Amino acid sequence: MPHIILFTLTIAAISTLCIAPIALALAAWSWRAGAKGMVVDALGALPLVLPPTAVGFVLLEILSRRSPIGGFLERIGVQILFTPKAVVLACAVMSFPLMFTAFRVAIETSDRRFFDVARTLGASPARAFIRVTLPLAWRGLLSGMILSFCRALGEFGATILIAGNIPGRTQTLALAIYDRVQNGTEHEALALVAWVVGMAWVLVAISSVLIAQQRKRLAA
Amino acid sequence: MIEIDIRLPLAPFRLEVRCSLTANVTALVGRSGSGKTSLVESIAGLRRALGRIVIDGTALLDSDRGIDLPPERRGIGYVPQDAALFPHLRVAENIRFGGSGRERFDSLIEALELAPLLDRAPASLSGGERQRVALARALMTHPRLLLLDEPLASIDQPLRERILLYLRRVRDLGIPMIYVTHQPFEALALSSWCVVLRDGRVAADGPSRAVLADPAVSGNVENVFEVSDPHHEPGLGITRVTTGGGLALLLPYDQVVEARFPLVVRISADDVVVFGEKPSSISSRNVFEGTVASLRASDGIVDLTVTTPEPLSVRITRAAAEDLSLVEGARVWLALRSRAFRIVG
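Residue numbers (this note's numbering), protein chains in the order written: chain A, 1 to 220; chain B, 1001 to 1345.
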């Protein structure tokens, strides 16, 4: 059991770190673009409202040998489907909307005026963003990463479609719980549930504290 | 020389401003919601207006030629109303955000008396301290124009005095300033040129004294003087000062004893008493002989401009004007009560 927990934590961490730069870049672009950014906002939030199995199926099609992308990956010898990489991919896609939306809100509440004033002081948009907006929004950004990490911990639908449920190779906590219930070893399922509840509760609590601090700081 | 000819759609109206400014300090006056802040934000490049903004021959905005410089390339210092100091940086870091010149930094710290504040966090500063830090931060960029949005709006009386003192020091550095305010007497304290905005358009512009003497512009008319050279006479309760125009005034000692000079004081045009003949015994300490230069009557009120060594605005009732048979060119005496003077800063 410890290795399942460790494996799940590792997968969730890698997935969170992989999508953070993309989510930040998109959230920053969408913030600067104003009304035009709403298209990106809607696209970024899409996996949040789609059935995870639908997302999994789309990924499966994209990565299959028949598709151009899948074919290309096969030619260069990269195998994704039914490997731990597929678990990371499923977690990344499914947890992206939470991170993107949280980043968007964090940047929005950082008060654009500081960004504007930084530019009148000679800072380029990138420099103003990095030196002023990001430091003011870091609590909200971290909270978004934590939420996204928690979502990745519990990812099930897309994972089972593209990574399968291979014990010792692609089986995460969520898949293991499903497995134990199917096998009738419910006491093991219960132990796993206890773990996941404990971890998620602590993390969500930290995230809430961070958001409260950011609000307080900006109100001051 | 600053030439502005811009258009910008705003919520209740359209900002349409056309003016050219040559004075060192221009006051931008208007009620709240008249478009003052939107105009300075457009000049700073924070709002995307259409038209032309040219400073000393350099086009910052010229829609016809496809020029619209981003804020960081306009070289304009902007101090917003609430100073907008970066909350995560200490005072020294805030100031250095504008530029890293060591000499410039040291001279600004000295001129604005910021040395004791350098290690403080912005949240721990008072309103006046924030304004000074924001002023230094903007000046670090060596701006070709400084925009100040109501720098005294959130500051109490005793501190206003000091901020005005610092602003006069900045003015004396020779950096052109546009100073936004809704208080006409503040505009008079600093500026020589004045633009009045109403509903997004220029309602009046010209030399500050002339524009702001118009009651239609400023509501109540004020006489504003920059006074210096104080001689305190505590026993008599008076302080003798001289205005920039050479008028010798007596001010109440207790109110100005702690003030820093030069000091700006004001007295309402309603508080000036007019005599047809030289008053012989009178409690008022400030009595001046003058000539009525202009006379404007409306709704039972008569507004006079009287030439003494400095032109003074006077507001009296029509009954009083008729009783004294006032006409242009008439010789009059004016009495200004010492205690009717208010300190601007």
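Just so it is clear, CB atoms sit at the ideal spot from N, CA and C, and this is done for glycine as well.
Bear in mind that the values here come from a model prediction, so they are computed numbers and not experimental data.
From the DSSP output, in three-state form, read off residue i for me.
| i | result |
| --- | --- |
| A1049/B | coil |
| F1086/B | coil |
| E1226/B | strand |
| D1056/B | coil |
| F156/A | coil |
| V1079/B | strand |
| N1286/B | strand |
| D41/A | helix |
| H187/A | helix |
| I1002/B | strand |
| T101/A | helix |
| E1328/B | coil |
| L203/A | helix |
| G77/A | coil |
| G1246/B | coil |
| H1231/B | strand |
| P1311/B | strand |
| T1026/B | strand |
| E1016/B | strand |
| A106/A | helix |
| F129/A | helix |
| I14/A | helix |
| F96/A | helix |
| G1206/B | strand |
| V1221/B | coil |
| A1340/B | helix |
In chain order, what residues of the same chain have a beta carbon less than 8 Å from the beta carbon of residue i, not counting five sequence neighbours either side?
| i | result |
| --- | --- |
| T170/A | F82, T83, P84, A86, V87, T159, A163, G164 |
| R119/A | P125, A128 |
| R74/A | Checking the sequence shown, residue 74/A turns out to be Glu, not Arg. Here the set comprises R65. |
| P1234/B | Y1253, V1257 |
| W1193/B | L1021, T1022, A1023, V1025, T1026, A1027, D1205, G1206, P1207, S1208 |
| R61/A | One detail in the question is off: residue 61/A reads as Glu in this sequence, not Arg. Cβ within range, chain order: S67. |
| L46/A | P97 |
Tell me, please, whether the CB atom of residue i is closer than 7 Å to any CB atom in chain B?
| i | result |
| --- | --- |
| R113/A | yes |
| A123/A | yes |
| P135/A | yes |
| D179/A | no |
| R119/A | yes |
| V49/A | no |
| D41/A | no |
| V58/A | no |
| V132/A | yes |
Between residue i and chain A, is there a C-beta pair that is closer than 7 Å?
| i | result |
| --- | --- |
| P1184/B | no |
| P1071/B | yes |
| A1335/B | no |
| L1046/B | yes |
| G1098/B | yes |
| T1141/B | yes |
| Y1078/B | yes |
| A1059/B | no |
| F1086/B | yes |
Under 6 Å Cβ to Cβ from residue i, same chain only, skipping five residues before and after it: list those, please.
| i | result |
| --- | --- |
| T1307/B | G1290, T1291, A1293 |
| D41/A | S30 |
| R1074/B | G1045, L1060 |
| D1005/B | R1018, G1051, R1052 |
| R139/A | L210, Q213, Q214 |
| E188/A | R180 |
| I965/B | The question about residue 965/B has no answer here: the residues shown for chain B are numbered 1001 through 1345. |
| F114/A | V132 |
| P1262/B | E1226, S1228 |
| F1086/B | N1094 |
By Cβ distance below 7 Å, which residues in the same chain neighbour residue i in space, the five residues on each side in sequence not counted?
| i | result |
| --- | --- |
| P1071/B | A1044, G1045, L1046 |
| E1041/B | R1047 |
| L1212/B | P1184, A1187, L1188, C1194, S1218 |
Note to self: Any contact between the region 9–24 of chain A and the region 77–96 of chain A? By contact I mean 3 or more CB pairs, one from each, below 8 Å.
What the structure shows: yes
Check: Touching or not, the region 1196–1204 of chain B and the region 1016–1025 of chain B, by the rule of three or more beta carbon pairs under 8 Å?
Finding: yes
Notebook entry, point to check: Taking three-plus beta-carbon pairs below 8 Å as touching, is the region 1323–1343 of chain B in contact with the region 1271–1287 of chain B?
Noted result: yes
Notebook entry, point to check: Is there contact here, the region 1114–1121 of chain B with the region 1146–1159 of chain B, by at least three beta-carbon pairs under 8 Å?
Noted result: no
Note to self: My parser needs the alpha helix (DSSP H) runs of 4 or more residues fully inside the region 1154–1184 of chain B; what are they?
What the structure shows: 1157–1172
Check: Does the count of Cβ pairs from the region 1216–1227 of chain B and the region 1301–1320 of chain B closer than 8 Å reach three?
Finding: yes
Notebook entry, point to check: Are the region 104–117 of chain A and the region 170–179 of chain A touching, with three or more C-beta to C-beta distances below 8 Å?
Noted result: no
Margin query: Count Cβ pairs between the region 1161–1175 of chain B and the region 1133–1143 of chain B that sit closer than 8 Å; are there 3 or more?
Written below: yes
Next item on the list: Taking only runs that begin and end inside the region 1079–1138 of chain B, name each unbroken alpha helix (DSSP H) of 4 or more residues, in chain order.
Entry: 1091–1097, 1102–1111
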